Amino acid sequence: MNIFRLAGDMTHLLSILVLLLKIYATKSCSGVSRKTQELYAIVFLARYLDLFTDFISVYNTFMKIVFIASSLAIVWCIRVHPMVKRSYDKDLDTFRHYLLVAASFLLALFLHEKFTFLEIFWAFSIYLEAVAILPQLVLLQRSGNVDNLTGQYVFFLGAYRGLYILNWIYRYLTEPRFTRWIACVSGVVQTALYADFFYYYFISWKNNSKLKLPA
Amino acid sequence: VVERKIHDEL
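Residue numbers (this note's numbering), protein chains in the order written: chain U, 926 to 1140; chain G, 3 to 12.
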């Protein structure tokens, strides 16, 4: 475990905490894409099927449980909690996310490290995570105005991806035979999706103004 | 020696 990986995991955790805080404090999920949250829940459930078969460390096991539980809790809030549910605007959240699920699974059937149940679901989760932010980015772009906590949520998620790339560069330089094409290529694609958002995030930060995305 | 690949990242 290097400092970039740890910082990446922590910003990932922070992004989820920011989202939970926003939903809890405002009893509202306005500006939050339920579809992106459901995709993340699927991502974690599919990737951590190895929770009971491969033990890496107490840290890994603990974080896996936290990610699964928090992603399910967020989906539960948006779908079931009476007050939060009312604030969900399904007319803004129209991305056809099932296409992402189908395409990711199809890709995983062809591109995987080994043709086993766990490995195919692992590859599927990597591909799906790479594109899971799309419904959220489209929703933000359609609504134009982004409230502070939602903006910070997406910012921390993007930071997590950027730090994972630094982690891979570090591991590539320090570990013999560090090659993970599936994770690294998908990770770079995923990070690139945030480029546009980051551009406007930094402009609003520099000008000390509210984050606005162009239509 | 073929090493079993373990996904050690989250």
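Idealized CB from N, CA, C, for every residue including glycine.
Quick caveat: nothing in here was measured; it's all calculated off a predicted structure.
Beyond the five residues adjoining it in sequence on each side, U:G1069 comes within less than 7 angstroms, by CB distance, of K1137, L1138, A1140 in the same chain, given in chain order.
Just measuring C-alpha positions, the residue of U:N1092, U:F1035, U:E1054, U:L1091 sitting nearest U:R972 is U:E1054.
For U:Y1078, same chain residues with a beta-carbon under 6 angstroms away, outside a window of 5 residues either side, are S940, V943, L944 in chain order.
At a Cβ-Cβ threshold of 9 angstroms, U:T951 and U:L1074 count as neighbours. For U:Y1119, the CB contacts under 6 angstroms within the same chain, skipping 5 residues up- and downstream, are G1083 in chain order.
Residues of chain G with a Cβ closer than 9 angstroms to the Cβ of U:R930 are, in chain order, E11, L12. For U:I981, at least one C-beta of chain G is nearer than 9 angstroms to its own C-beta. Scanning the stretch 1061-1127 of chain U for uninterrupted alpha helix (DSSP H) segments of 4 residues or longer gives 1073-1099, 1106-1117, listed from N- to C-terminal end. Rounded to whole angstroms, the separation of the alpha carbons of U:W1047 and U:R1105 is 13 angstroms.
Excluding the 5 residues flanking it on each side, U:S955 has same chain C-beta neighbours closer than 6 angstroms at S1012, in chain order. Positions of the alpha helix (DSSP H) runs, each at least 4 residues long and wholly inside the stretch 947-981 of chain U, are given as 959-972 in order along the chain.
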